[in-house]
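Heads up: the sequence shown begins at 1 in our numbering, then just goes up one per residue.
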Amino acid sequence: MDYDGALVVFLLCILLLSVCLRAQTPANSWFAITAGGPEVASEVLQRAEQAAEAALQSLQPVFPLLPRQPFRIVVHGSEESLPEGLKASHHVGSPGFAIPAQHEIHILADLVRHDSSGMQAVMAHEITHELLGQLANPFGELLPRWAHEGIAQVLSGETYLDASEENIVWRVSTNQLLPFSAIESDFPRDPVQLRVAYAQSFSFVAWLEQQIGRARLIKLVDEMDKETSFWRGLVLATNRTSAELETDWHDYLLYGSGARSRSLLSQCFSLLMILALPLLALAMRRRMRSEAKVRERMAAQERQQPPTFAEVPYNPPVDADLDFAEEDREDRKDHEDREDREDREDREDREDRKDREDRKDREDF
Ligand SMILES: [Zn+2]
């Protein structure tokens with residue numbers, strides 16, 4: 001083996017060793033996570049740390065030799081609690097931003113979706129910015145903003161500000177897409193244009209990834225230097241001019257992405273909802289009317305029905321024994337009256353007889 005051959009083997013061994021050592025390094029040892037203020041609960045910070053760890057692990061196959069430098073993640077409660085010096089770096093409505101030159105990531109907890117994948121998607125987006133910065137170093141400033149945001153959205157699997165190809169597909173035919181030169185160094189501040197910029201970056205980069213593959217796309221970032229801009233790398237990789245690339249992407253957006261049919265479907269759905277509103281109102285009126293009728297019928301039935309057992313006024317039952325006692329008393333009284341009458345008649349009879357005997361005796365004397 002000659003000297004050059006031995007050197008190549010030695011360098012390959014070093015590379016292999018560094019890859020092995022990197023694989024053993026825990027993901028969370030590359031970043032330090034802190035709360036931006038007391039308004040950030042410890043559970044939120046813990047959730048953010050776990051999400052950052054998972055996001056970094058998911059990105060390492062795309063950036064096998066990164067990170068090279070540790071970075072800092074600061075979790076803030078809301079945009080209002082951001083320090084004044086950081087507010088200018090934040091795009092209203094986005095749940096985070098990165099400052100790769102300072103190896104800093106800032107997360108706005110109140111703008112992160114509260115489902116299981118919300119925090120991890122935001123972390124993956126912002127960590128991608130950090131890793132792109134480290135990969136492009138020292139030419140990080142050469143990577144266009146649209147490429148930064150496009151790659152971050154594609155790798156995280158989610159867009160910011162609910163941006164989608166459906167939002168922008170109609171702009172192709174009306175020539176209202178943003179010129180890429182206008183989103184080269186920064187994104188617009190106007191909310192509508194900002195959303196278009198996110199959607200356009202996502203769609204263009206997703207289409208580029210389909211053309212040359214993810215690994216080649218990321219390698220273009222690594223290959224940038226003073227002579228090789230990202231655009232130049234794209235032209236070389238695709239063998240198409242930048243104008244041809246834009247035209248081909250427009251065609252894809254119109255005819256290959258399915259965005260037009262998705263947009264039409266959502267418009268049809270909205271239209272159907274609008275058309276269905278009078279029918280819904282009619283159905284509601286009918287239902288309310290039939291319910292009112294049922295209530296009236298039930299009320300009428302209640303009025304016609306005899307009172308239920310519970311509604312009968314309570315009359316204590318007549319005491320049969322007492323009644324019989326009363327009858328007995330009456331019978332006894334009748335009997336006594338009859339006896340008295342008979343006694344009186346007997347007495348009168350006896351007196352009459354005695355009078356007659358007395359009278360007879362006197363006549364005998
Ligand atoms: Zn971003």
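The beta-carbon is built from N, C-alpha and C at its ideal position, and this holds for glycine as well. Bear in mind the structure is a predicted one, so any value in this text is a computation, not a measurement.
Residue i - DSSP class collapsed to helix/strand/coil
i: ALA367; result: No information on residue 367 is available, as it lies outside the stretch 1 to 365 that the chain covers here.
i: THR247; result: helix
i: GLU345; result: helix
i: PHE230; result: helix
i: THR128; result: helix
i: ALA31; result: With the sequence shown as reference, residue 31 is identified as Phe, and Ala is not the correct amino acid for it. In the structure shown, PHE31 sits in a strand (DSSP, three-state: E or B).
i: ILE218; result: helix
i: ASP225; result: coil
i: GLU291; result: helix
i: SER257; result: coil
i: ASP115; result: coil
i: VAL62; result: coil
i: VAL172; result: helix
i: ARG338; result: helix
i: THR241; result: coil
i: ASP321; result: Reliability of the predicted coordinates at ASP321 is poor, the pLDDT of 47 falling under 50, and the value obtained from them is presented with this limitation in mind. In the structure shown, ASP321 sits in a helix (DSSP, three-state: H, G or I).
i: SER266; result: helix
i: ARG68; result: coil
i: VAL235; result: helix
i: GLU79; result: coil
i: GLY133; result: helix
i: VAL92; result: coil
i: GLY140; result: helix
i: GLN304; result: helix
i: GLU351; result: helix
i: GLU39; result: coil
i: LYS333; result: helix
Boundaries (first-last residue) of the beta strand (DSSP E) holding residue i
i: VAL75; result: 71–76
Counterpart residues of residue i in DSSP-defined beta bridges
i: ILE99; result: GLU104
Cutoff 8 Å: residue i Cβ touching any chain C Cβ
i: ALA199; result: The structure shown contains no chain C; it is built from a single protein chain.
Alpha helix (DSSP H) segment containing residue i, residue limits
i: ALA197; result: 191–212
i: ILE183; result: Looking at the DSSP string, ILE183 is not in any alpha helix (DSSP H), and its letter there is neither H nor E.
i: GLY150; result: 145–156
i: GLY85; result: 84–87
i: VAL44; result: 42–59
Rounded distance between the beta-carbons of residue j and residue i, thought under 8 Å
i: GLN211; j: THR238; result: 6 Å
i: ILE73; j: ILE105; result: 5 Å
i: LEU194; j: HIS91; result: 6 Å
i: PRO61; j: PHE31; result: Incorrect: roughly 18 Å between the Cβ atoms, too far for contact.
i: GLY96; j: HIS125; result: 7 Å
i: ALA197; j: LEU220; result: Not confirmed; about 21 Å, so no contact.
i: SER201; j: ILE183; result: 7 Å
i: ALA199; j: ALA147; result: In fact, because the Cβ distance is near 15 Å, the residues do not count as touching under 8 Å.
i: ALA101; j: GLY140; result: 7 Å
i: PRO144; j: PHE230; result: 6 Å
i: ALA204; j: TRP170; result: Inspection of the sequence shows that residue 204 is occupied by Phe rather than by Ala. That pair is no contact at about 16 Å.
i: ALA35; j: VAL75; result: 6 Å
i: ALA52; j: ILE127; result: 7 Å
i: GLU158; j: SER266; result: Their Cβ separation, rounded to whole angstroms, is 19 Å, which puts GLU158 and SER266 out of contact at 8 Å.
i: GLN57; j: ALA27; result: 5 Å
i: ALA41; j: MET119; result: Between MET119 and ALA41 the Cβ distance is about 13 Å, and since that is not below 8 Å, they are no contact.
i: LEU132; j: MET224; result: Contact flag wrong, Cβ pair sits at about 10 Å.
Check: residue i C-beta below 7 Å from any heavy atom of ligand 2
i: GLU345; result: This structure does not include ligand 2; its bound ligands are ligand 1.
For review: beta carbons within less than 6 Å of any heavy atom in ligand 1: HIS125, HIS129, GLU149, ALA152
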